[in-house]
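Quick notes on the structure that follows.
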Amino acid sequence: MITPRFSCSQTDISIVVSIYCPSVRASDVEIHVDESILSVHIAPYFLRLNFPGNVLEDDHSSAVYDPAAGFFTVTLTKETRGQNFPDLDLLAKLLAPKSAKPSVPVIEVLNSEPAQIADSDEQNLIDSTSRLSLDTTALSDEQREIFHAAENDWQLPQTVQEPLPELHTSQEKRYGFLDLYTGYFRHVGNTENEINELGTDAETLPPEERRRRRVTHEEQKWDEEAYMADYAEAESIDELLAWMHPHLFGLDEVPFSDAENMQMLRLPRKEFLASPSQTRHLYLTLLTLLFAFAYDARTTQSEPTPESAWTICALTPAFSALDPPPYRPQSSAASAESYSDDDLAATLIPAYRRSLSFPLYRSWSLSEACRTDVAHVLKKGMRTVVRCLLEMRAILDAHEVYYVYSRIWMDDFCSWVQAYANEATLKQLGKQVEKLHMQKSETGWNLEDLEAAVDEERGRDGDSDDESEDEVERMVPAQL
């Protein structure tokens, strides 16, 4: 079946669904409404929508097909008139399956009286148990002590047994969104995947080894001279700092374009059963994705180049090393609604390190500007976040190698943000990221010493220029 293009709108009393299905027989349409679920089948198209509230088929409902335009319009009545149905423009959210209610096992008590045992069976049981005895003389001293301790209910010292190691029946290790994927890098040796830092071992490395290799590669790519050169040539960086992304000003409720709607229709329809800790990790990973997007947007002024896919992947640890956050131990009491400044700083530091080691422009000020962009995107809310993720996905999809990261990360992320992310949590994260104070020393590199060396050299050059000017002024009167 084909999922058609569609759009939804509402009035105080109705929901209107416009479905594009050209060249079909309207007489063959099947429409079914069940509480908040609308199902429309008109071969070869099938559409199943899950609304935020219940709808009804009544005398005010209708279904009209316009063969000239190719649109089939279904109008349904809201069960509660005046109710506002939010997020009707988030198509992936409407297509998400309805969460199943947890089933509770039902136990029926047939008889509360104790079971009756036949006299002969009872006597046999008594005779058998009476013959059971424990000869303590055959026990060792340690065993005899334990026996008497148990007999007298002593409080013996106890220790918690170490858990058994996790059982792996395959050498392959999972990765990607919620660790759902394997097999995408089995033949990576035959592709020109320049940002893959795990090589042919990508399928088999455990998470701790992926992280170790990522950190090692960042150290290898770190170039003090390149950083000092960009710090000295501040004019080129200043131009990047002055630019502002078009998503960060203007109206908040800009409708999604046709291209964006088509992207959302092509997203996978999945139900993501993420635990609270997994949900927390997804929000942290979102920060790193938006940071990479912000860097590429600033350096290209939101006009992606053939290098944009490489830049985004190289700056995202979850792509280049299959190493998503968290990058510091998480408290068991931590929730997806609250994050400490240490959590956020630890999440962004790898992105900072990579922005100072891999791409063309390597500037702390530029990294700080990207953090500010991430904060503003989050503060604008879910729709702006979705727009940025869709643009990232389009850039990766256009690349003949890096499209793989759309399959294992971006497809699911675009769907998850629409259907499961909390608007209030996104905006609160934006406020915290905006106020976050990042320390240069947290990168593990001596950035302040390098900058001081450049400033000192500038001072020397300035003094030399002043001395030369003074010398010229002294020579000119003498010559006259």
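Counting from 488, one number per residue, gives the positions in the sequence shown under the numbering used here.
Just so you know, even glycine gets a beta-carbon here, dropped at the ideal spot from N, CA and C.
| Buried versus exposed, by CB contacts within 10 Å (16 or more), Asn-683 | Within the sequence shown, the letter at position 196 stands for residue 683. With 16 or more other Cβ atoms within 10 Å, it is buried.
| Reduced DSSP secondary structure (H/G/I, E/B, other) of Leu-735 | Looking up residue 735 in the sequence shown gives position 248. Three-state result, Leu-735: helix.
| query | Which one of Glu-711, Thr-560 and Leu-754 has the shortest CA to CA distance from Leu-582? | reply | The count along the sequence shown starts at 1 and reaches residue 582 at position 95. Closest in C-alpha terms to Leu-582, from the list Glu-711, Thr-560 and Leu-754, comes Leu-754.
| message | Using the Cβ count rule (16 or more neighbours within 10 Å means buried), how would you classify His-547? | response | Residue 547 sits at position 60 when you count from the first residue of the sequence shown. Only exposed fits His-547, as fewer than 16 other CB atoms lie within 10 angstroms of its CB.
| Would you say Phe-900 and Leu-937 are within 7 Å of each other, going by their C-beta atoms? | As a first step, residue 900 is located in the sequence shown; it is residue number 413 there, counting from the start. As a first step, residue 937 is located in the sequence shown; it is residue number 450 there, counting from the start. Not a contact, by the Cβ cut-off of 7 Å.
| By Cβ distance below 6 Å, which residues in the same chain neighbour Ser-526 in space, the five residues on each side in sequence not counted? | The count along the sequence shown starts at 1 and reaches residue 526 at position 39. Cβ-Cβ distances below 6 Å link Ser-526 to His-519 and Arg-535 in the same chain, with the five nearest sequence neighbours on each side left out; the list follows chain order.
| task | Buried or exposed for Tyr-507, please, with buried defined as at least 16 other CB atoms from any protein chain shown within 10 angstroms of its CB. | result | Here the question's residue 507 lines up with position 20 in the sequence shown. Result: exposed.
| request: Out of Val-741, Gln-570 and Tyr-532, state which residue places its alpha-carbon closest to the alpha-carbon of Val-872. | output: Indexing the sequence shown from 1 puts residue 872 at position 385. Ranking Val-741, Gln-570 and Tyr-532 by Cα distance to Val-872 puts Val-741 first.
| query | Taking only runs of the alpha helix (DSSP H) that begin and end inside the region 656 to 709, which ones reach a length of at least 4 residues, in chain order? | reply | Counting only runs of 4 or more, we get 694 to 708.
| request: Could you please give the first and the last residue of the uninterrupted alpha helix (DSSP H) stretch that includes Arg-492? | output: Against the sequence shown, residue 492 aligns to sequence position 5. From DSSP, Arg-492 is part of no alpha helix (DSSP H) but of the beta strand (DSSP E) over 492 to 497.
| field | Glu-790 versus Tyr-839: straight-line alpha-carbon distance, rounded | value | To locate residue 790, count along the sequence shown from 1; it is residue 303. To locate residue 839, count along the sequence shown from 1; it is residue 352. The alpha-carbon atoms of Glu-790 and Tyr-839 are separated by roughly 22 Å.
| query | Any idea if Arg-858 is buried or exposed, counting beta-carbon neighbours within 10 angstroms, 16 or more meaning buried? | reply | Residue mapping note: residue 858 aligns to position 371 of the sequence shown, counting from 1. Arg-858 should be labelled buried.
| request: Find out if the Cβ-Cβ distance for the pair Asp-860, Ala-781 is shorter than 7 Å. | output: Translated into positions along the sequence shown, residue 860 becomes position 373. Translated into positions along the sequence shown, residue 781 becomes position 294. Going by C-beta atoms, Asp-860 is nearer than 7 Å to Ala-781.
| message | Rounded to whole angstroms, what is the Cα-Cα separation between Tyr-770 and Asp-499? | response | Here residue 770 corresponds to residue number 283 of the sequence shown, with the count starting at 1. Here residue 499 corresponds to residue number 12 of the sequence shown, with the count starting at 1. If you take the alpha carbons of Tyr-770 and Asp-499, they lie about 34 Å apart.
| field | Own chain residues within Cβ distance below 6 Å of Ser-496, not counting five before or after | value | Along the sequence shown, read from residue 1 onward, the residue named residue 496 stands at position 9. Short of 6 Å from the beta carbon of Ser-496, and not among the five residues preceding or following it, lie these beta carbons of its own chain, in chain order: Val-503.
| query | Thinking just about the alpha-carbon of each residue, which of Phe-806, Ala-862, Val-891 and Ser-928 is nearest to the one in Glu-921? | reply | Start at 1 with the first residue of the sequence shown, and residue 921 comes out as number 434. The residue with the shortest Cα to Cα distance from Glu-921 is Ala-862.
| field | CB contact flag (Phe-743, Asp-884, <7 Å) | value | The residue labelled residue 743 in the question sits at position 256 within the sequence shown. The residue labelled residue 884 in the question sits at position 397 within the sequence shown. Not closer than 7 Å, so no.
| query | What residues in its chain sit with their C-beta under 7 Å from that of Leu-913, if we drop five residues either side in the sequence? | reply | Along the sequence shown, read from residue 1 onward, the residue named residue 913 stands at position 426. For Leu-913, where only same-chain residues beyond five positions count, the Cβ hits under 7 Å are Leu-865, Gly-868, Met-869 and Val-872.
| message | Would Leu-809 and Tyr-671 be called neighbours here (beta carbons separated by less than 7 Å)? | response | Counting from 1 along the sequence shown, the entry for residue 809 is found at position 322. Counting from 1 along the sequence shown, the entry for residue 671 is found at position 184. For Leu-809 and Tyr-671, no; Cβs fall outside 7 Å.
| Considering only residues of the same chain and omitting the five flanking positions on each side of His-704, which have a CB-CB separation below 7 Å? | Your numbering for residue 704 matches position 217 in the sequence shown. Contacts found: Glu-684.
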